[in-house]
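This report refers to the structure that appears directly beneath it.
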Amino acid sequence: MRKLFRGGHLSGYRTYIISATGIISAIGAYLVGDSDLFTMLQAIFTLAGIYFLRKSNENKGKENG
Numbered sequence: 000m001r002k003l004f005r006g007g008h009l010s011g012y013r014t015y016i017i018s019a020t021g022i023i024s025a026i027g028a029y030l031v032g033d034s035d036l037f038t039m040l041q042a043i044f045t046l047a048g049i050y051f052l053r054k055s056n057e058n059k060g061k062e063n064g
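Below is the structure:
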């Protein structure tokens, strides 16, 4: 039960889940007609940038090999 309250298996992946959800929402808003192509791409590029910033921060402080 304690593992469930702390996030379970996905506890360290909050940023990735939020980015993926945002990208899916941007695509869904475009397909429904709530936004245009450029608004969708702007949201996707922003969320992808957040994903890659998080990914690059994880590797700091670790030695290769």
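Final position of the sequence shown in numbering that gives the first Met the number 0 is 64; the numbers increase by one with none missing. Virtual Cβ for every residue (Gly too), placed ideally from N, Cα, C. Note that the structure is a prediction, hence the values are computed from the model and not measured.
Taking a contact as a CB-CB distance under 8 angstroms, the pair A25 and I43 counts as one, their CB atoms being some 6 angstroms apart.
Less than 9 angstroms separates the beta-carbon of T14 from that of R53.
Around I22, the same chain offers I43 and L46 as residues with beta carbons nearer than 7 angstroms, after the five sequence neighbours per side are excluded. Counting every other CB atom within 10 Å of its CB across the protein chains shown gives S18 a total of 16 or more, marking it as buried.
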